[in-house]
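Numbering (the working numbering), first residue to last: 105 to 638. Where is the CB? At the ideal position from N, CA and C, for every residue including glycine. Reading through the structure tokens given below for one structure.
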Ligand code: C2O
Ligand code: CU
Ligand code: CU
């Protein structure tokens, strides 16, 4: 299937909503995907490289936190550099960007309430090696081509450390950010967020994992140490020489493509890696770090596994699954029991594609503690607590040829005045009205939220008459969405409702679609958390 020919024919130019301003005038001839010949992953030997487990970042010293000279916290320095990494035994080294020395950036480890400081240093070359689209907002010609700003996805941080997309810094510069980590344990992740080129920077390799833990979680005796395995998944395209490339539209003035889909999956920075495991339970911490690809993960022949956590930490109780859907930006915490598979090899798949292999040894070095039925209680936020309900549309715009040219939140471009201004400490319901034919993973910075429900509706009536005509009853979130989330799949032609407590800090944050091509072309908006009146 050619993913690029996925034209939204249903959404003809006539039905497409009017553009918020004269973007149509800037449109160019129809962008047709011009692809370099890519490396066929089927030509590569499978399961010849061990799965890299990553290195834990080490702090250099302690330093006082901003505004409190008596409180010392660990200080880290992570430098972004261009590196060469072996992605597979039989490939030549591939040029990538990383926050460390390898394709899997250093892993940050901390405890709830243990703050830390990170100096993010941009030591990248002055030129970008991926195709910048200067017609995109924030990537205008004249800006330094290599610009970075780091965001810790899922972190509750003061606004000046959140990685605002316009707060980028160029090669040779660095920025110190403070992460208080006053939040429940979870696997967060850090990644680039520079306006207009975010998709390219992340694709080049600027992403990594960030763990927060606490004593409560320690007390659950979940598999730990070598029995806890991070899995960072992302899809890429390599050319026949094994070099990373990012496809272009064919229109030199506007090389942006609506979604990047690779045919190769990097698992912790390797293609088709394997991991030796014992016949016992393991804890897998999975991130979908892809630009646009959704994963549908399964193991072997329908092996049942348990999901114990989602984006923002543990679920109230384990959920049995045979297949796990994971959108870009989402995380899952899984328990897999290999004890019935000693001496066997199990393959992690997404749909029918093999991603990685687990080689189960004959003997376990010791027994694993049984999985508890109750994990961390998640109190449901009552809907009555919401002081405001916002209805926010998700929009896509096509040109006269049916090519996707723009995506927006609430039909509003990035630089328009801020419209979402929740009060610090208040609770709101956001209704994500997806009038498009695509699922958009919607992410809010700084906060965690709960999914209330999803309900099918009729987009045409909505767009023409501004009335909601429901086409189905509301469906509750699936059991593995009953924990705290920071990214939610807003499904096509459905209204997805989330409930959010704006706890944390006042200031300017962003919310956006986590399909990075959408985010860069303009499916991102600032929002302000307003300090509550004294
Ligand atoms: Cu993964 Cu704006 O974040
Ligand atoms: Cu984020
Ligand atoms: Cu999107």
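- Per DSSP, the beta-bridge partners of residue 369 are 339.
- Non-local C-beta neighbours of residue 141 in its own chain, meaning closer than 8 Å and more than five positions away in sequence, comprise 343, 344, ordered along the chain.
- Closest in C-alpha terms to residue 416, from the list 381, 396, 482, 444, comes 482.
- Taking 9 Å as the cut-off, the beta carbon of residue 531 is found closer than this to the beta carbon of residue 485.
- Taking a C-beta distance under 9 Å as the contact criterion, residue 413 and residue 437 qualify as a contact pair.
- Restricting attention to alpha helix (DSSP H) runs no shorter than 4 residues, the stretch 603-633 encloses them at 620-624, ordered along the chain.
- Residue 618 sits buried, since 16 or more C-beta atoms from the chains shown fall within 10 Å of its C-beta.
- Assigned with DSSP and collapsed to three states, residue 294 falls in strand.
- Remark: the C-beta of residue 312 is outside contact range of ligand 2, defined as less than 8 Å to any heavy atom.
- In the structure shown, residue 504 adopts coil according to DSSP, grouped into three states.
- Distance from the CA of residue 537 to the CA of residue 369, rounded to the nearest whole angstrom, comes to 31 Å.
- In this structure, residue 602 has its beta carbon at no less than 8 Å from each heavy atom of ligand 3.
- Residue 283 sits close to residue 214, with the two beta carbons spaced by under 9 Å.
- In the DSSP assignment, residue 320 falls within the unbroken alpha helix (DSSP H) covering 319-322.
- At a cut-off of 8 Å, the beta-carbon of residue 547 does not count as near ligand 3: no heavy atom of the ligand is closer than that.
- When DSSP states are grouped into helix, strand and coil, residue 427 belongs to the coil group.
- In the three-state reduction of the DSSP assignment, residue 329 falls in the helix class, which pools H, G and I.
- Between residue 623 and the set 198, 302, 206, 223, the nearest pair of CA atoms involves 302.
- For residue 405, the three-state secondary structure derived from DSSP is coil.
- If you draw a straight line from the Cα of residue 291 to the Cα of residue 612, it is about 24 Å long.
- The stretch 577-593 makes contact with the stretch 544-557; the number of CB pairs closer than 8 Å reaches 3 or more.
- Counting C-beta pairs closer than 8 Å gives three or more between the stretch 512-526 and the stretch 625-636, which meets the contact rule.
- The bridge partners DSSP lists for residue 213 are 315.
- Within 8 Å of the C-beta of residue 608 there is not a single heavy atom belonging to ligand 2.
- CA-to-CA, the gap between residue 227 and residue 277 works out to about 8 Å.
- With a cut-off of 8 Å, the C-beta of residue 219 is classified as distant from ligand 2, since no heavy atom of the ligand falls inside that distance.
- Taking 8 Å as the cut-off, one finds no heavy atom of ligand 2 near enough to the beta carbon of residue 624.
- Under the 10 Å beta carbon count, residue 372 is surrounded by 16 or more other beta carbons and is classified as buried.
- When distances are taken from the beta-carbon of residue 619 to the heavy atoms of ligand 3, the shortest one is below 8 Å.
- The alpha-carbon separation between residue 340 and residue 306 amounts to approximately 11 Å.
- Relative to residue 199, the option among 158, 328, 189, 480 whose CA is nearest is 189.
- Checking the 8 Å criterion, the Cβ of residue 542 is within range of a heavy atom belonging to ligand 3.
- Between the C-alpha atoms of residue 605 and residue 465 there is a straight-line separation of about 46 Å.
- When DSSP reads this structure, residue 274 sits in a beta bridge with 251.
- By the neighbour-count criterion, in which a residue is buried when 16 or more other Cβ atoms sit within 10 angstroms of its Cβ, residue 321 is buried.
- At a Cβ-Cβ threshold of 9 Å, residue 363 and residue 396 count as neighbours.
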